[in-house]
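Enquirer:
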Amino acid sequence: MADLHDAALKNDVAAINRLLRQGADIQEGDNNGWTPLHCAAQANAIRAAVTLLDRGAHVDAVDRFGGTALVRAVFEQHVEMVTLLREHGADPLLGAAQLARLRGGPVKACFDDLPAEVPVYEYQPATVTRSGRIPAGPVGERWQHAHARLWKLLVPASGAAPTLQGELIRCTGRLADEALRNGNVNWGPAFSAMAELVERTLCDETVLGDVDIGRARAASRQVRGGGVPVLGDPGGPYDTLAELAVAWCAARAELIAYPSPDPASAR
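My numbering numbers the first residue of the sequence shown as 1441 and each following residue consecutively.
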């Protein structure tokens, strides 16, 4: 997750201001398309939200599922955040009012100023690329940014990706998220299958070199057991696999349909 998103989740105004001075993108989306404002809304981080809005954050930016920060605040039943976002001009008809009336709870009253009947909102989740060639990223792009860019391009809002490259990015992201956010408490056959796919794909000898394949195998050995990870360990096995997934996609930019035969057969 980008530092600015983390600062928003932690309600760390000093860090937000420092990162923005250093050139952080206030509108940058994470793997789910959440901007820092989405994160602040999720966490009910009021000071962070005020800072982001005052610094120019788009109040109605949508994530990959078509949801705004106001929708996140409604979903989490954060009355103070809903009120703040509406005061800053958030459009209640982009799904938030509809969700509030559907779910009820304390945020429902935040929309009592609207007519009794509001139009149905049709969420428009982002579509993913299924064929063709992956566009090259900017010169000097860090692998973390490349991974997020590829996620937005190749990974659907739910379920498996339609390409091998997308599935490689999805699995490395899901494995890291489960380990670093949940401590692998949900580890089971599904995560084992993801880890196996990542290792099998990265260790295709026709794509990466011997050194990187060795790195992939060593990282996979640590990941596949599903043990408790060292939280916040930069450069650890999850980072290694994600970095190599980016390199694999750069080397195999022509998209390969998934599920596919053994990756080695798609040469």
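All C-beta atoms in this analysis are idealised placements derived from N, C-alpha and C, irrespective of residue type, glycine included.
Compare the C-alpha of D1679 against each of L1695, V1638, A1693 and T1646 and name the closest.
Expert: Ranking the options by Cα distance to D1679, first place goes to V1638.
Enquirer: Counting Cβ pairs closer than 8 Å, one from the region 1547 to 1558 and one from the region 1646 to 1655, do we hit at least three?
Expert: no
Enquirer: Per DSSP, which one or two residues make a beta bridge with A1685?
Expert: Residue pairing by DSSP places A1685 opposite no residue, since no beta bridge is assigned to it.
Enquirer: From the DSSP output, in three-state form, read off R1504 for me.
Expert: coil
Enquirer: Rounded to whole angstroms, what's the CA-CA distance from A1704 to G1665? Just pull it up for me.
Expert: With a pLDDT of only 40 at A1704, under the threshold of 50, the placement of this residue in the model should not be trusted, and no figure is reported.
Enquirer: At a cut of 8 Å, does the region 1497 to 1517 reach the region 1611 to 1624 through at least three beta carbon pairs?
Expert: The answer is no - the region 1611 to 1624 does not touch the region 1497 to 1517, with fewer than three Cβ pairs under 8 Å.
Enquirer: Using the DSSP secondary-structure output, state which residues sit across from E1694 in a beta bridge.
Expert: R1573
Enquirer: Hey, would you say P1615 sits closer than 8 Å to Q1605, going by beta carbons?
Expert: With the sequence shown as reference, residue 1615 is identified as Leu, and Pro is not the correct amino acid for it. Not in contact: L1615 and Q1605 (Cβ atoms no closer than 8 Å).
Enquirer: Within the region 1469 to 1505, note down every full alpha helix (DSSP H) run reaching 4 residues or more, in order along the chain.
Expert: 1476 to 1483 and 1486 to 1494
Enquirer: For T1641, which beta-bridge partners are listed by DSSP?
Expert: BP columns for T1641 are empty, so no partner.
Enquirer: Taking the alpha-carbon of G1473 as reference, which of L1493, Q1462, N1451 and V1568 has the nearest alpha-carbon?
Expert: V1568
Enquirer: In whole angstroms, give me the CA-to-CA distance for I1696 and S1571.
Expert: Cα to Cα, the separation comes out at about 7 Å.
Enquirer: K1592 lies in the alpha helix (DSSP H); which residues open and close that run?
Expert: W1583 to L1594
Enquirer: So, helix, strand or coil for Q1517, using DSSP?
Expert: coil
Enquirer: Cα separation between A1685 and G1544?
Expert: Near 43 Å, if we compare the C-alpha coordinates of G1544 and A1685.
Enquirer: In this structure, does DSSP put T1567 in helix, strand or coil?
Expert: coil
Enquirer: In chain order, what residues of the same chain have a beta carbon less than 8 Å from the beta carbon of W1591, not counting five sequence neighbours either side?
Expert: N1471, I1609, R1610 and G1613
Enquirer: So, using beta-carbon positions, are V1514 and P1546 closer together than 8 Å?
Expert: Not in contact: V1514 and P1546 (Cβ atoms no closer than 8 Å).
Enquirer: Tell me, to the nearest whole angstrom, how far the beta carbon of I1466 is from that of L1449; I am working on the premise that it is less than 8 Å.
Expert: With 8 Å as the limit, I1466 and L1449 do not qualify as a contact, their Cβ atoms being about 15 Å apart.
Enquirer: Looking at the secondary structure, which residues open and close the alpha helix (DSSP H) in which A1619 lies?
Expert: L1604 to N1622
Enquirer: Relative to the alpha-carbon of D1452, which residue among R1461, R1487 and V1560 has its alpha-carbon at the smallest distance?
Expert: R1487
Enquirer: Q1538: buried (16+ other C-beta within 10 angstroms of its C-beta) or exposed?
Expert: buried
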